[in-house]
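Visitor: Protein chains in written order, with the numbering used here: chain A, 1 to 266; chain B, 267 to 532. All C-beta atoms in this analysis are idealised placements derived from N, C-alpha and C, irrespective of residue type, glycine included. A single structure is presented below for examination.
Number of protein chains: 2
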Amino acid sequence: MTRRTAASRVLDVLGAFGPDHRALSLSEIARRAELSLSTTHRLVGELLSWGGLERGADGRFSVGLRLLELSALAPRGLGLREVAFPHLDDLHRATGGNVHLGVRDGHEVVYVEALRSRGTAQVSSRVGDRWPLHATGTGLVLLAHADPGDVDDVLARPLARYTARTSTDPEALRRHLARVRRDGVAVLRGQITDDAMAVAVPVRDRTGEVTAALSLVVRDDEAGPGGLPALLTAVAARIRRSLTAGPTAMGAGAAVRPVERALRVG
Amino acid sequence: MTRRTAASRVLDVLGAFGPDHRALSLSEIARRAELSLSTTHRLVGELLSWGGLERGADGRFSVGLRLLELSALAPRGLGLREVAFPHLDDLHRATGGNVHLGVRDGHEVVYVEALRSRGTAQVSSRVGDRWPLHATGTGLVLLAHADPGDVDDVLARPLARYTARTSTDPEALRRHLARVRRDGVAVLRGQITDDAMAVAVPVRDRTGEVTAALSLVVRDDEAGPGGLPALLTAVAARIRRSLTAGPTAMGAGAAVRPVERALRVG
Numbered sequence: 001m002t003r004r005t006a007a008s009r010v011l012d013v014l015g016a017f018g019p020d021h022r023a024l025s026l027s028e029i030a031r032r033a034e035l036s037l038s039t040t041h042r043l044v045g046e047l048l049s050w051g052g053l054e055r056g057a058d059g060r061f062s063v064g065l066r067l068l069e070l071s072a073l074a075p076r077g078l079g080l081r082e083v084a085f086p087h088l089d090d091l092h093r094a095t096g097g098n099v100h101l102g103v104r105d106g107h108e109v110v111y112v113e114a115l116r117s118r119g120t121a122q123v124s125s126r127v128g129d130r131w132p133l134h135a136t137g138t139g140l141v142l143l144a145h146a147d148p149g150d151v152d153d154v155l156a157r158p159l160a161r162y163t164a165r166t167s168t169d170p171e172a173l174r175r176h177l178a179r180v181r182r183d184g185v186a187v188l189r190g191q192i193t194d195d196a197m198a199v200a201v202p203v204r205d206r207t208g209e210v211t212a213a214l215s216l217v218v219r220d221d222e223a224g225p226g227g228l229p230a231l232l233t234a235v236a237a238r239i240r241r242s243l244t245a246g247p248t249a250m251g252a253g254a255a256v257r258p259v260e261r262a263l264r265v266g
Numbered sequence: 267m268t269r270r271t272a273a274s275r276v277l278d279v280l281g282a283f284g285p286d287h288r289a290l291s292l293s294e295i296a297r298r299a300e301l302s303l304s305t306t307h308r309l310v311g312e313l314l315s316w317g318g319l320e321r322g323a324d325g326r327f328s329v330g331l332r333l334l335e336l337s338a339l340a341p342r343g344l345g346l347r348e349v350a351f352p353h354l355d356d357l358h359r360a361t362g363g364n365v366h367l368g369v370r371d372g373h374e375v376v377y378v379e380a381l382r383s384r385g386t387a388q389v390s391s392r393v394g395d396r397w398p399l400h401a402t403g404t405g406l407v408l409l410a411h412a413d414p415g416d417v418d419d420v421l422a423r424p425l426a427r428y429t430a431r432t433s434t435d436p437e438a439l440r441r442h443l444a445r446v447r448r449d450g451v452a453v454l455r456g457q458i459t460d461d462a463m464a465v466a467v468p469v470r471d472r473t474g475e476v477t478a479a480l481s482l483v484v485r486d487d488e489a490g491p492g493g494l495p496a497l498l499t500a501v502a503a504r505i506r507r508s509l510t511a512g513p514t515a516m517g518a519g520a521a522v523r524p525v526e527r528a529l530r531v532g
């Protein structure tokens, strides 16, 4: 239909799936990918045999395990998550709050880990979720450490509003970014959910570059962040040490030494 | 070089990446995917702009965040993990052992979650890892509930040996599978690592089908599993209730209702 390469068409088939479109029929895939039914049929067949798609009992298609396997190889994805997880788990246990680890992808933050408590199901977030930088704790920290040109780009775009307290004024956001750089922590209250407070800090790699952000979201009881900034800063420092000392390196394209396969147990 | 479709070639580029090949140069991708340099260059360019690959500071390529996002949509992948996580976390906290949630993919089990303790770094496993069914707790449980034809297929293939205690005799394995079905639990000792014990139970969906397996790996102190089978059975029942009651459905191709996006916080 449109002038696309064969390679891009198979990626468009995968791109037909989304958070609100997890199980699709062949014709739904064709419509969403803007492909003919016969082309869709052929490409879905290739993806099925490769493992990128699965067919359910109801005949609809969904994302397959092969993509889970591949995503585990992403140095800024599950690879980073692997090294950071024990520290995130400690923070989750110590606070009972929702813990997020995010990396920047263009104008958004992508969560590579999201640990929720059973008691906070109404305040939810997931691995793979994307959020705008200006309204989230992780996003604001990542933006505070982005190149000035990237900051200009982000602030020149429409800034989504989630609550009456969401900050969408570019100049106010620039002042907030300066405070985040100065203090080493971002504290956001009611920016996405009225009664939630997010505390976020940068996670640096061995070279000192900010490559991820760590946030804790707790119910905002008006008492302020208290000791949470110091706690998160300590956890981020531990993650940095694990990244530096551990078997896995981080950052896009960094070589990652595989964990010794022979020692794994199932 | 070989007769492949354009769609399969782009999938072969992604398939060039693996646990021991997380960051590759263009020529390494070309060699591993058996493609010419010019074709590889073009396909890598398409994957870069789509987000399936990222280029690191050193010029090498690795798996990108787009695949993490996609894998989060897999109903048997991060979707299942999302629902099960709080229960897995409880088990992890209560026991200090390594917790795995696995699903069957052909002749292997794929981990959709793997929670490790900081103290057990020598006993490691990761999300996306594949293991043979016969030697792992999760695998044996999944095989015990597979179609008889699938069991025959698996047992007719070469069965890898990891330790002197790894069971590789098809008839002994059939007897073990019958015990697993009868008892509702698999206990494996020293099958992959000499001093480790795995206790595994089935996780059923709302229809009663076994769609995943839950395992706990602890150091084998020769005292046997004790109360662990009962504990794991209780945790599996809780996961089933969350799958049935919760916002997310499970099983290949099952429709999955997205968690309310508006309530998420970052």
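1) Sorted by chain position, which residues of the same chain lie with C-beta nearer than 6 Å to B/V501's C-beta, five sequence neighbours on each side aside?
2) Please identify, using Cβ separations under 8 Å, the residues of the stretch 141 to 161 of chain A that lie next to chain B, in order along the chain.
3) Determine the contact status of A/G128 and B/A430, defining contact as a CB-CB distance below 7 Å.
4) Using only alpha-carbon positions, find the residue among B/A466, B/A462, B/A323 that is nearest to B/R447.
5) How about B/T404 and B/G450: are their beta carbons less than 7 Å apart?
6) Which residues share a DSSP beta bridge with B/L482?
7) When burial is assigned at 16 or more other CB atoms within 10 Å of the CB, is A/T211 buried or exposed?
8) From the DSSP output, in three-state form, read off A/R165 for me.
9) Who are the neighbours of A/E82 on chain B, taking C-beta pairs under 7 Å?
10) Can you confirm whether A/E209, when its beta carbon is compared against all beta carbons of chain B, has any partner nearer than 7 Å?
11) What residues in the stretch 61 to 76 of chain A bring their beta carbon closer than 9 Å to a beta carbon of chain B?
12) Is the beta carbon of A/L133 closer than 7 Å to that of A/V112?
13) Per DSSP, what are the beta-bridge partners of A/R189 in this structure?
14) What's the call for A/G77, buried or exposed, on a 16-neighbour Cβ count within 10 Å?
15) A/G52 and A/R66 - do their beta-carbons sit closer together than 7 Å?
16) Please confirm if the stretch 228 to 244 of chain A is in contact with the stretch 6 to 21 of chain A, defined as three or more CB-CB distances below 8 Å between the two stretches.
17) Residues in the same chain with beta-carbon distance under 6 Å from B/D278, minus the five sequence neighbours each way, listed in chain order, please.
18) If we count the other Cβ atoms within 10 Å of its Cβ and call it buried at 16 or more, is B/R507 buried or exposed?
19) Apart from the five residues just before and just after A/D150, which ones in its own chain have a Cβ nearer than 8 Å to its Cβ?
20) If contacts are defined as beta-carbon pairs under 8 Å, then A/V187 and A/P225 qualify, I think. What distance do you get, rounded to the angstrom?
21) When DSSP labels each residue in this structure, what does B/L399 get in the three-state scheme?
22) Name the residue from B/L309, B/A380, B/H442 whose alpha carbon lies nearest to the alpha carbon of B/L480.
23) Would a check of beta-carbon distances place B/A272 closer than 7 Å to chain A?
24) Determine whether the Cβ of B/E374 lies closer than 7 Å to any Cβ atom of chain A.
25) For a cutoff of 7 Å on Cβ pairs, would you count A/E46 as touching chain B?
26) At 3 residues or longer, and completely inside the stretch 27 to 79 of chain A: list those beta strand (DSSP E) runs for me, N to C.
27) At a CB-CB cut-off below 9 Å, which residues of chain A make contact with B/G318?
28) Rounded to whole angstroms, what's the CA-CA distance from A/R219 to A/R206? Just pull it up for me.
29) Comparing C-alpha positions only, which one of B/G493, B/R308, B/L406 sits nearest to B/P468?
30) Which residue or residues does DSSP assign as beta-bridge partners of A/V110?
31) Classify A/P75 as buried or exposed, calling it buried when 16 or more other Cβ atoms lie within 10 Å of its own Cβ.
32) Quick check: what's the CA-CA separation for B/D461 versus B/R455?
33) Beta-carbon separation of A/V99 and A/L228 under 7 Å?
34) Are any of the Cβ atoms in chain A nearer than 7 Å to that of B/L497?
Guide: According to the structure shown:
1) Hits under 6 Å: H353, L357.
2) If you check each beta-carbon in the stretch 141 to 161 of chain A against every beta-carbon of chain B, none falls closer than 8 Å.
3) Not closer than 7 Å, so no.
4) Out of B/A466, B/A462, B/A323, B/A466 has the C-alpha closest to the C-alpha of B/R447.
5) Not in contact: B/T404 and B/G450 (Cβ atoms no closer than 7 Å).
6) B/L482 pairs with B/V365, B/V465.
7) That one is buried.
8) For A/R165, the secondary structure class from DSSP, reduced to helix, strand or coil, is coil.
9) Those are R392, listed as they occur along chain B.
10) Not closer than 7 Å to any Cβ of chain B, the Cβ of A/E209 fails to qualify, so no.
11) The residues in question are F61, S62, V63, G64, L65, R66, L67, L68, E69, L70, S71, A72, L73, A74, P75, R76.
12) No, the pair does not count as a contact, with Cβ atoms beyond the cut-off.
13) A/M197.
14) Per the 10 Å Cβ criterion, buried.
15) Here A/R66 is near A/G52, since their CB atoms are less than 7 Å apart.
16) Touching, no, given that fewer than three Cβ pairs across the two stretches are closer than 8 Å.
17) Around B/D278: A299.
18) The C-beta of B/R507 has fewer than 16 other C-beta atoms within 10 Å across all chains shown, which makes the residue exposed.
19) Contacts found: L143.
20) Correct: roughly 5 Å between the Cβ atoms.
21) The three-state secondary structure of B/L399, taken from DSSP, is coil.
22) Distances from the CA of B/L480 to each of B/L309, B/A380, B/H442 were compared; the closest alpha carbon is that of B/A380.
23) So, interface residue.
24) No, no contact with chain A.
25) Taking Cβ atoms only, chain B reaches closer than 7 Å to A/E46, which makes this a yes.
26) The qualifying runs are 53 to 55, 61 to 63.
27) Within chain A, the residues near B/G318 are L11, L14, L70.
28) A direct Cα-Cα distance of roughly 33 Å separates A/R219 from A/R206.
29) Shortest Cα-Cα distance from B/P468 to any of B/G493, B/R308, B/L406 involves B/L406.
30) Under DSSP, the beta-bridge partners assigned to A/V110 are A/V103, A/R130.
31) The residue in question, A/P75, is buried, as its Cβ has 16 or more Cβ neighbours within 10 Å.
32) Rounded to whole angstroms, B/D461 to B/R455 spans 8 Å at the Cα level.
33) No, the pair does not count as a contact, with Cβ atoms beyond the cut-off.
34) Taking Cβ atoms only, chain A never reaches closer than 7 Å to B/L497, which makes this a no.
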